[in-house]
Every structure is written in structure tokens, then in C-alpha cells.
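According to mature numbering (1 follows the signal peptide of the UniProt record, and there is no 0), the sequence shown holds residues -24 to -1, 1 to 142 in order. Take a look at the structure below.
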Amino acid sequence: MNALKLIPAILVLAACANAGVVQVAPDTYLLSKQDNAGIFGNFARFKTEVIQEANDFATGKGKVAIPVTMNETPAGPGRFATFQYQFRLVDASDPTAQRVTLTRQPDVLIESTSRSTADVNLRTPPAQSTDLYAELLKLDDLRKRGILTEAEFGVQKTKLLEQKRP
């Protein structure tokens, strides 16, 4: 009879088991856990426990755990909560251990491999055609204000008329 009482306890412990800390690079580790409490679980406490386990692992090696990425899946209908914590181990005196910023990774990354071509030749715009009448009025206005002398007015007027000849 006692053996029958032990079976549920063993099953519960087996359900909470995880692969532990896994080394994914020379100084980078991954800790992945699943919370089988379902909707009755406390996800914040669950995340804290995973991070604390990583910190304990780092302390055991005489290092500090620096977060690299955190991926979480909250509990939902037919789905248990999961949390993956990837971290690096560095010495406590390492400058990267002093200030850490964790950037959120996108849920979906769209990468385009198509090539597009565009004409990037820079061309100077054609010279704006000026209205001969408007230019002559400007010259006349400058002459009337006394800015241009009669001789300067005549020279500029001749230049304008020569430029506009076809």
C-alpha cells in the first residue's frame, strides 16, 4: 500500500525535473525549465527560481552570471509555462559584470534575401529657363533704384538678350 502512495510523489518530482544547466559555448550556458503547476503556478516566482539557480551555478564556479537572453512562454490552455535563461559566466571583476542591459529579442524576424537595383546616378537638374521679361523688369527696377547705372543696365540688358537668342 505504501508503494502506491509513493508513485504519485515520484511522478510529481519527475515532472519538475529539467535538464539542468547546459553549456552552449565556452562561457555561455542555458537553463531551461517547465512549470507544471499550470494555471495554479506563480510565473514570477518560477522565473525568479530559474534565475536564482543560474546564479547559484555561477557562484559554485566562482563567477557571476550575466544574462544573455530570456525566453518565456506563459501557461495557457493545454500548455505549461516554460522559461529559458541563457547566461554567460564572467569574473566579478570583469567590467561587463558591473552594468548589464538585456535587450528584448523580436518574436518574429523577417529577412529578405531578394536583391533590388536602383539607378543612383546623380544628375544635375537642367538649368531653369528664366523668363526674359521678368529678368528685364528686375534690371529696370535696379536701375530705377539707383543700384545700377545706365551703362551697367545697358550691358546687362545686352547680355540677357544675347543669351535668349535662338
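Glycine is no exception: its CB is placed at the ideal position from the N, C-alpha and C atoms. What you are looking at is a predicted structure, and each value in this text was computed from that prediction instead of being measured.
Does Thr24 come out as helix, strand or coil in the three-state DSSP assignment?
Here the question's residue 24 lines up with position 48 in the sequence shown. Of the three classes helix, strand and coil, the one that applies to Thr24 here is helix, per DSSP.
By Cβ distance below 7 angstroms, which residues in the same chain neighbour residue 230 in space, the five residues on each side in sequence not counted?
Because residue 230 is not part of the residues shown, which for the chain are -24 to 142, the question remains open.
May I have a chain-ordered list of the beta strand (DSSP E) segments no shorter than 3 residues that lie completely inside the region 51 to 129?
57 to 66
Return the Cβ separation of Leu78 and Ala41 in integer angstroms, given the expectation that the two are a contact with Cβ distance under 8 angstroms.
Indexing the sequence shown from 1 puts residue 78 at position 102. Indexing the sequence shown from 1 puts residue 41 at position 65. Incorrect: roughly 12 angstroms between the Cβ atoms, too far for contact.
Starting from the Cα of Ala51, find the closest Cα among Asp3, Ala110, Ser90, Gly17 and give me that residue.
Stepping through the sequence shown from its first residue, residue 51 is reached at position 75. Nearest option by C-alpha distance: Gly17.
From the DSSP output, which residues share a beta bridge with Ile42?
Mapped onto the sequence shown, residue 42 falls at position 66. Answer is Arg64, bridged to Ile42.
Span separating the alpha-carbon of Ala(-11) from that of Thr24
For the purposes of this step, residue -11 is taken as residue 14 along the sequence shown, with counting starting at 1. For the purposes of this step, residue 24 is taken as residue 48 along the sequence shown, with counting starting at 1. In this predicted model, Ala(-11) has a pLDDT of only 46, less than 50, meaning its place in the structure is not dependable; the value taken from the coordinates is given anyway. Answer to the nearest angstrom: the Cα atoms are 21 angstroms apart.
Would you please state the rounded distance, in angstroms, between the beta carbons of Asp67 and Lys37? I believe it to be under 8 angstroms.
Position 91 of the sequence shown, counted from the first residue, corresponds to residue 67. Position 61 of the sequence shown, counted from the first residue, corresponds to residue 37. Not a contact, Cβ separation roughly 10 angstroms.
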